[in-house]
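Enquirer: Mind looking over this structure? Questions follow.
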Amino acid sequence: MPQNTLTITDNRTGQTYTIPIEDGTIRAMNLRQIKTGPEDFGLMTYDPAFMNTASCRSSITYIDGDQGILRYRGYPIEVLAERCTFLEVAYLLLFGELPTEPQLKNWVHDITHHTMLHESTKKFMEGFRYDGHPMGMFVSTVAALSTVYPDARHVHDASNRLLQIQRLIGKVPSIAAMSYRHNVGFPYVYPDNDLNYAENFMNMLWKMVEPKYVANPAIARALDILFILHADHEQNCGTNAMRSVSSAQTDPYLSMASAASALAGPLHGGANEEVLKMLDEIGSKDKVPAYIQKVKEGHFKLMGFGHRIYKNYDPRAKIIRWCAEQVFEVTGRNPKLEIALELERIALEDDYFVKRKLYPNVDFYSGIMYQAMGFRPEMFTVLFAIPRTAGWLAQWQELITDPEQKIARPRQVYTGHGAREFVPLEKRTSAALAAG
Ligand code: SDX
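Taking our numbering, I'd label the letters of the sequence shown as residues 261 to 696.
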């Protein structure tokens with residue numbers, strides 16, 4: 261029997277099938293030949309939430325959840341966070357290699373010169389309530405850019421794709437800052453091309469009446485590292501949305517709006533905001549044991565803990581904890597850190613969490629740090645979406661250029677009624693319908 265095959269015997273028919281194993285998987289379509297007769301549709305896999313289904317081949321990000329390993333294009337996240345800038349890592353994710361000095365210079369120039377937003381965006385932003393959640397503003401404005409750049413629909417034109425990629429990476433900090441300024445009622449601040457990516461974001465967020473904004477370098481570097489850590493994470497919920505929507509050849513602005521919408525969910529990128537609410541609710545270290553007891557009783561989840569892939573400490577959480585200490589040296593220590601550290605200490609010793617391999621994830625410490633930097637909790641997921649734009653676009657580009665990919669259209673297991681006789685309105689009583 262050839263190696264790298266699976267032999268399946270269908271006990272309904274006694275038939276045996278040999279199915280090739282490729283890269284640790286079997287092709288689901290190879291199961292369709294397993295039938296009980298010519299009229300049988302054939303076997304499918306049933307995998308709610310895709311717990312054990314590979315949707316694509318990808319060379320962008322590698323995660324080993326048991327070992328707590330995360331690599332972008334083969335480089336460990338720890339090295340990239342220490343040695344690179346975010347735009348350098350964005351280039352790596354998109355083009356597969358770290359840029360040379362000239363390549364990086366051109367890349368930074370191109371992104372910098374795409375930070376301006378069409379003036380119509382201001383009118384669009386004014387349509388939101390001043391106290392609207394900035395993620396709603398971010399998602400809507402990203403989608404609205406589809407109306408500004410109709411050429412983006414030519415998704416199979418490589419140079420057009422690159423232009424949209426540069427526009428989106430350049431503009432997402434401007435959109436994020438605009439939503440914050442709208443929230444606080446401050447005038448919008450235009451980009452300053454003299455500043456780097458993180459500094460310019462800070463400028464558009466926090467510049468007031470001074471002639472030129474000067475960013476605190478420690479805060480700017482910490483922000484840049486946070487952007488690197490959040491840039492991509494293989495087939496997470498938001499990326500799955502990006503790939504699914506763009507598989508219909510939808511333009512990258514509308515596709516990315518769907519990805520950002522998924523990210524907004526409290527189980528996904530919205531968890532960082534929920535962690536702050538949780539820490540506020542706990543209030544003090546001495547109340548942590550009682551809170552954890554309620555988590556164990558199933559009343560609610562410990563936000564910022566657990567992960568579908570990591571069954572070990574999320575490597576990003578370790579780096580964020582280090583980064584937070586650098587920020588606190590500038591901003592002063594966030595008192596909520598003590599509650600978070602106590603939560604982590606107790607949870608990591610408690611069998612409920614140990615048995616389920618629940619560790620702090622990327623969202624557990626990021627919010628505490630963002631708050632110390634001066635961000636409001638509502639902005640935390642927007643801060644996640646900015647760098648994840650590079651990952652979403654790298655995954656989009658990989659999908660569009662993958663000859664194996666086509667429009668995503670899963671199957672289902674039908675559990676509804678069989679064919680029924682129609683009941684005219686005058687005869688519809690609950691009994692008649694139930695009898696249907
Ligand atoms: C992100 O996928 C990615 O890569 C995402 C992300 C990225 O970079 O894109 O890493 C970013 O989304 C990080 C995750 C942020 N979310 C949270 O912190 C929310 C809290 N975490 C949980 O909701 C949960 O851990 C998930 C959603 C992250 C993962 O859920 P799974 O994989 O579906 O796991 P599960 O719900 O099946 O949990 C298995 C068990 C269950 O208990 P039992 O039914 O076995 O008794 O563990 C329990 C769960 O109840 N559990 C938790 C828990 N997470 C899981 N119990 C308490 N607190 C938690 N946080």
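Glycine is no exception: its CB is placed at the ideal position from the N, C-alpha and C atoms.
Quick one: Cα of Asp662 to Cα of Asp417, how far?
Expert: Spanning the two alpha carbons is a distance of roughly 14 Å.
Enquirer: Measure the alpha-carbon distance for Asn561 versus Ser406 and round it to whole angstroms.
Expert: Residue identity check: residue 561 is Lys in the sequence provided, not Asn. Lys561 and Ser406: Cα-Cα distance of roughly 37 Å.
Enquirer: Quick check: the stretch 539 to 553 against the stretch 298 to 310, are there 3 or more CB pairs under 8 Å?
Expert: As far as the Cβ criterion goes, the stretch 539 to 553 does not touch the stretch 298 to 310, which means the pair count is below three.
Enquirer: Does DSSP put Glu698 in a helix, in a strand, or in coil?
Expert: The requested residue 698 is not part of the displayed model; the chain covers only 261 to 696.
Enquirer: In terms of residue numbering, what span does the alpha helix (DSSP H) encompassing Thr265 cover?
Expert: Here Thr265 belongs to no alpha helix (DSSP H); instead the beta strand (DSSP E) covers Thr265 to Asp270.
Enquirer: Please determine whether the Cβ atom of Asp610 lies at a distance below 7 Å from any heavy atom of ligand 1.
Expert: Flag unset: Cβ of Asp610 not near ligand 1.
Enquirer: Nearest CA to the CA of Thr510: which residue from Arg671, Tyr277 and Ala403?
Expert: Closest by alpha carbon: Ala403.
Enquirer: Please state the DSSP three-state secondary structure of Tyr390.
Expert: Three-state DSSP puts Tyr390 in coil, outside helix and strand.
Enquirer: Under the DSSP definition of a beta bridge, which residues are partnered with Phe682?
Expert: In DSSP, Phe682 forms no bridge with anything.
Enquirer: So which of Gly297, Met261 and Gly356 has the shortest CA-CA distance to Ile281?
Expert: Ile281 has its Cα closest to that of Met261, out of Gly297, Met261 and Gly356.
Enquirer: Looking at Ser515: is its Cβ nearer than 8 Å to the Cβ of Trp656?
Expert: Yes, Cβ-Cβ distance for Ser515 and Trp656 is below 8 Å.
Enquirer: Provide the residue span of the alpha helix (DSSP H) that contains Asp611, from first to last.
Expert: Segment Asp611 to Lys615, the alpha helix (DSSP H) holding Asp611.
Enquirer: Examine the Cβ distances between the stretch 386 to 396 and the stretch 418 to 427 and report whether three or more of them are shorter than 8 Å.
Expert: Short answer: they don't touch.
Enquirer: Let's see if you can read the secondary structure: which residues bound the alpha helix (DSSP H) around Arg576?
Expert: Pro575 to Thr591 is the span of the alpha helix (DSSP H), which, as asked, contains Arg576.
Enquirer: Would you please state the rounded distance, in angstroms, between the beta carbons of Leu486 and Cys583? I believe it to be under 8 Å.
Expert: Yes, they are in contact, since the Cβ atoms of Leu486 and Cys583 sit about 7 Å apart, within 8 Å.
Enquirer: Return yes when the Cβ of Ala577 is within less than 8 Å of the Cβ of Pro647, no when it is not.
Expert: Contact: no.
Enquirer: So who's on the other strand from Asp324, going by DSSP bridges?
Expert: DSSP, once it has assigned bridges, lists Ile329 as partnering Asp324.
Enquirer: With contact counted as at least three CB pairs below 8 Å, one residue from each stretch, are the stretch 347 to 366 and the stretch 600 to 616 in contact?
Expert: Contact between the stretch 347 to 366 and the stretch 600 to 616 is absent, because fewer than three Cβ pairs lie under 8 Å.
Enquirer: Ignore the nearest five residues each way along the sequence and tell me which others in Met468's own chain have a CB closer than 8 Å to its CB.
Expert: Phe446, listed in sequence order.
Enquirer: Note down, in chain order, each residue of its chain lying with its Cβ closer than 7 Å to the Cβ of Ser296, except the 5 sequence neighbours on either side.
Expert: The amino acid at residue 296 is misidentified as Ser; the sequence shows Thr. Arg272 and Thr273.
Enquirer: Where His493 and Ala517 are concerned, what is the direct C-alpha to C-alpha distance, given to the nearest angstrom?
Expert: Those two C-alpha atoms are separated by around 18 Å.
Enquirer: In the DSSP output, what is Pro620 paired with across the bridge?
Expert: BP columns for Pro620 point to Phe565.
Enquirer: Would Gly498 and His528 qualify as a contact pair, given that the criterion is a beta-carbon distance under 8 Å?
Expert: Yes. Within cutoff.
Enquirer: Determine contact between the stretch 315 to 332 and the stretch 568 to 576, defined as no fewer than three beta-carbon pairs at a distance below 8 Å.
Expert: Flag = yes, the stretch 315 to 332 and the stretch 568 to 576 touch.
Enquirer: For Ile569, is the beta carbon positioned less than 7 Å from some heavy atom of ligand 1?
Expert: Because some heavy atom of ligand 1 lies under 7 Å away, the Cβ of Ile569 counts as near it: yes.
Enquirer: Decide if Tyr625 is buried, meaning its Cβ has at least 16 other Cβ atoms within 10 Å, or exposed.
Expert: Buried.
Enquirer: Please go through the same chain and pick out, in chain order, the residues whose beta-carbon is closer than 7 Å to the beta-carbon of Phe398, but skip the five residues on each side of it.
Expert: Cβ within range, chain order: Ile435, Ala436, Ser439, Ala520, Val642 and Ala645.
Enquirer: Following the continuous alpha helix (DSSP H) through Ile485, name the residue where it begins and the one where it ends.
Expert: Looking at the DSSP string, the run of the alpha helix (DSSP H) that includes Ile485 is Pro477 to Leu489.
Enquirer: Of the choices Tyr630, Tyr332 and Asn312, whose alpha-carbon is the least far from that of Thr285?
Expert: Of Tyr630, Tyr332 and Asn312, the residue nearest in Cα terms is Asn312.
Enquirer: Distance, Cα to Cα, Lys687 vs Glu681?
Expert: C-alpha separation (whole angstroms): 12 Å.
Enquirer: Per DSSP, what kind of secondary structure is Thr689 in: helix, strand or coil?
Expert: Here Thr689 sits in coil by DSSP.
Enquirer: State the Cα-Cα distance for the pair Tyr335 and Ile371, rounded to the nearest angstrom.
Expert: In a straight line, the C-alpha of Tyr335 is about 23 Å away from that of Ile371.
Enquirer: Looking at C-alpha atoms only, which residue of Tyr457, Phe588 and Gln495 is the closest neighbour of Gln631?
Expert: The residue with the shortest Cα to Cα distance from Gln631 is Phe588.
Enquirer: What first and last residue would you give for the alpha helix (DSSP H) that runs through Gln495?
Expert: Gln495 -> no alpha helix (DSSP H), and no H or E assigned at all.
Enquirer: From the DSSP output, which residues share a beta bridge with Gln509?
Expert: Partner(s): none; Gln509 has no beta bridge.
Enquirer: According to DSSP, is Ile281 helix, strand or coil?
Expert: Residue state, collapsed to three classes: coil.
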